[in-house]
Amino acid sequence: MTDFTPAEAQEIEATDGYVAADLCGVTLHVKPAGQWRPSYLRALREGDYEGWAVGVMNAEDAARFVELDATFDEINEFTQSAMNSSGEAPGKSGGRSRSSRTTRKR
């Protein structure tokens, strides 16, 4: 996970926990990737960009996302930027990994 500067942390707090990313020159706000539900990620993977936008953006930004009618390349760049801005990758847990060593039963 990325450490944010105090200014970045303030900006995230000021936008109600959303991170900013640009799509076609327009700044949209997206929930940090760690807050995405599996269904949002599944929608993104299946190309349901409108369903994904409704899940990860506020209503105004989701409507703007749809209106922009971006290309696949632009959407891919936008979603990657949004994930990188939050410092997390969706589906990755910050929890401890299980040890690769097994314990012996006694």
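So the sequence shown is numbered by numbering that gives the first Met the number 0: it starts at 0 and just counts up by one. Just so you know, even glycine gets a beta-carbon here, dropped at the ideal spot from N, CA and C.
Checklist entry - Where in the segment 29-66 do unbroken runs of the alpha helix (DSSP H), each at least 4 residues long, occur, reported from the N-terminal end onward? => result Secondary structure within the segment 29-66: the alpha helix (DSSP H) runs of 4 or more consecutive residues, fully enclosed, are 37-44, 48-55 (chain order).
Item to check | Where S106 falls, given that 16 or more other Cβ within 10 Å makes a residue buried | outcome: Shown here, the chain extends from 0 to 105; a query on residue 106 therefore has no answer.
Checklist entry - Would you say L27 and M56 are within 8 angstroms of each other, going by their C-beta atoms? => result Yes, Cβ-Cβ distance for L27 and M56 is below 8 angstroms.
Checklist entry - Cα-Cα, which of G33, L43, Y17 is closest to E76? => result Nearest C-alpha to E76: L43.
Checklist entry - Cα separation between G33 and G54? => result Approximately 13 angstroms between the Cα atoms of the pair.
Item to check | Whole-angstrom C-beta distance between A61 and A194, which should lie under 8 angstroms | outcome: This structure does not reach residue 194, given that the chain is present from 0 up to 105, and the question cannot be answered.
Item to check | Check whether S84 and V18 have beta carbons under 8 angstroms apart | outcome: Yes, the Cβ-Cβ distance between S84 and V18 is below 8 angstroms.
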